[in-house]
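Contents: one structure, followed by commentary.
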Ligand code: TXA
Ligand code: MG
């Protein structure tokens, strides 16, 4: 069911959930201060309660309402990248809902860079918790139609067009001392973060950093089956190997379809070819995977991007899609 901005705000104020557009992926939003509303997110997504949610705020001045520490490094990152595809994990104030935090002592915050999301936050005066608007472990939605296909028609959807970043935000935790760690790669890269932070990420295991911030947050995407199409996926680093696999499947009467990155030889099955630019690939990645999944073939053959840090986030999502 599609709703207007006004209807979306009214639903959120009533304690209902609404799928909203952001520049990364669509989110399943609820008032971040209303536990009953927040619990509906977990029920609809079939998400375990210990997976914390990202709180979307309308600007940097609201950070102080949520956290006990806003270290200088985090301030610099927020100033550089908000509104945008960066989520900061910081020590939470006592009052922050334990449902949002998944019982952690930290809270994840982001100012989204989407005109509709920002209008919703500003006009409503609400802060909304919003995980990606898909069932737990399935592909994230980058259009309103993806949300409806995944969650059904009963969930109200505020249509803001196709997402332009296309994959989920970069998540960085920052300890009170300013030490930071990348918890989930995204299109804002580790190199970008290092430059703004003025120091590399702490060369420690995630668990050590989390001890320092007196928390043990779940590393996002830790769940092996994250971002997966329903169709079984095989990953290839080599185009010729993908072509040979396609021929072998077809001669064994198994249908297949392929996702290719960049030009070159094409296999004898249905194909979606993405560009060879990381940003373009990220933007179209989930749409392509949704489309391939809808073909209902026996197997998806997915080409991995070339080596290079600029491909880290795309590689992360494809590797997870292929982990089954
Ligand atoms: O781009 C995005 O980040 C999208 C849009 C809607 O904003 N949201 C999104 O939410 O991807 P979700 O729930 O699918 O992923 C958020 C991740 C989760 O894996 C969760 O573990 C992590 O953020 N997270 C949330 N709060 C955290 C915390 N306090 N500590 C560590 N990780 C946290
Ligand atoms: Mg998600």
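In the numbering used here, the protein residues as written are 1388 to 1711.
Glycine included, each C-beta is placed from N, C-alpha and C at the ideal position.
Less than 6 Å between the CB of residue i and some heavy atom of the ligand MG, yes or no?
{"i": "residue 1674", "result": "no"}
For the ligand TXA, I want to know if residue i counts as a neighbour, meaning its beta carbon is within less than 6 Å of at least one of the ligand's heavy atoms.
{"i": "residue 1519", "result": "yes"}
{"i": "residue 1491", "result": "yes"}
{"i": "residue 1556", "result": "yes"}
{"i": "residue 1710", "result": "no"}
{"i": "residue 1438", "result": "yes"}
{"i": "residue 1476", "result": "yes"}
{"i": "residue 1542", "result": "no"}
{"i": "residue 1414", "result": "yes"}
{"i": "residue 1495", "result": "yes"}
{"i": "residue 1581", "result": "no"}
{"i": "residue 1441", "result": "yes"}
{"i": "residue 1409", "result": "yes"}
Around the C-beta of residue i, are 16 or more other C-beta atoms found within 10 angstroms, so that it is buried, or is it exposed?
{"i": "residue 1533", "result": "buried"}
{"i": "residue 1446", "result": "exposed"}
{"i": "residue 1396", "result": "buried"}
{"i": "residue 1509", "result": "exposed"}
{"i": "residue 1432", "result": "buried"}
{"i": "residue 1501", "result": "buried"}
{"i": "residue 1680", "result": "buried"}
{"i": "residue 1479", "result": "buried"}
{"i": "residue 1560", "result": "buried"}
{"i": "residue 1602", "result": "Legend: pLDDT at residue 1602 = 41, less than 50; position of this residue unreliable, value from coordinates given subsequently. It counts as buried."}
Taking residue i and residue j to be in contact with their CB atoms under 8 Å, please state how far apart those CB atoms are, rounded to whole angstroms.
{"i": "residue 1692", "j": "residue 1668", "result": "7 Å"}
{"i": "residue 1537", "j": "residue 1528", "result": "6 Å"}
{"i": "residue 1398", "j": "residue 1439", "result": "Between residue 1439 and residue 1398 the Cβ distance is about 23 Å, and since that is not below 8 Å, they are no contact."}
{"i": "residue 1646", "j": "residue 1690", "result": "6 Å"}
{"i": "residue 1414", "j": "residue 1520", "result": "6 Å"}
{"i": "residue 1675", "j": "residue 1687", "result": "About 10 Å separates the two Cβ atoms, so there is no contact after all."}
{"i": "residue 1652", "j": "residue 1630", "result": "6 Å"}
Just checking: is the beta-carbon of residue i within a distance shorter than 7 Å of some beta-carbon in chain B?
{"i": "residue 1409", "result": "In the structure shown, chain B cannot be found, because there is only a single protein chain."}
Taking residue i as the reference, which of the options has the closest Cα?
{"i": "residue 1464", "options": "1641, 1497, 1672", "result": "1497"}
{"i": "residue 1618", "options": "1638, 1706, 1682", "result": "1682"}
{"i": "residue 1515", "options": "1540, 1531, 1486, 1525", "result": "1486"}
{"i": "residue 1530", "options": "1654, 1644, 1631, 1670", "result": "1670"}
{"i": "residue 1577", "options": "1470, 1590, 1557, 1563", "result": "1557"}
{"i": "residue 1475", "options": "1457, 1489, 1482", "result": "1457"}
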